[in-house]
Amino acid sequence: MSSVRTLLLGALGSFLLAVITWVVGLERGKLMSFRPADEYCGGQVKALSWHLIPLTHQCQLTDGTSRELVPVWVNPLVFVSLAATLVLVVLAMRAANRP
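Numbered according to our numbering, the sequence shown spans residues 8 to 106.
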């Protein structure tokens with residue numbers, strides 16, 4: 008039973024890592040900012056686009072360029088952590104069902 012407990016604790020830790028990383032991405036990507044977009048995009052903003060999954064916040068500027076505000080490492084780390092959570096839960100279920 009201790010291997011099941013260890014696997015489930017690993018799954019919980021991996022899930023918490025995914026949640027914390029996603030929240031950090033929200034904060035660093037300025038998705039929770041109440042300031043005008045011109046202040047954090049660094050120019051005259053033509054349009055903003057954002058998605059929560061995958062986490063993205065993109066500024067399209069009037070000069071034709073665009074800028075992604077969410078750090079590049081956020082989405083891969085979230086998805087790898089969620090995949091690890093799934094694998095660990097499946098392994099825990101298999102270990103619990105062994106005679």
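For glycine and all other residues, C-beta sits at the position ideal for the given N, C-alpha and C.
The residue from 61, 77, 89, 12 with its alpha-carbon nearest to that of residue 37 is 77.
Membership of residue 35 in the alpha helix (DSSP H) is indicated by the continuous run 9-35. If you check the CB distance, residue 62 and residue 29 come in under 8 Å. Per DSSP, residue 88 is one residue of the alpha helix (DSSP H) stretching across 81-103.
Within its own chain, the residues whose Cβ lies closer than 8 Å to the Cβ of residue 88, once the five positions on either side in sequence are excluded, are 21, 22, 24, 25, 28, listed in chain order.
Distances from the CA of residue 31 to each of 104, 17, 84 were compared; the closest alpha carbon is that of 84. Contact between residue 65 and residue 53 does not hold, since their C-beta atoms are separated by about 11 Å, which reaches or exceeds 8 Å. Taking C-beta separations shorter than 6 Å and ignoring five residues to either side along the sequence, the partners of residue 75 in its chain run 65, following chain order.
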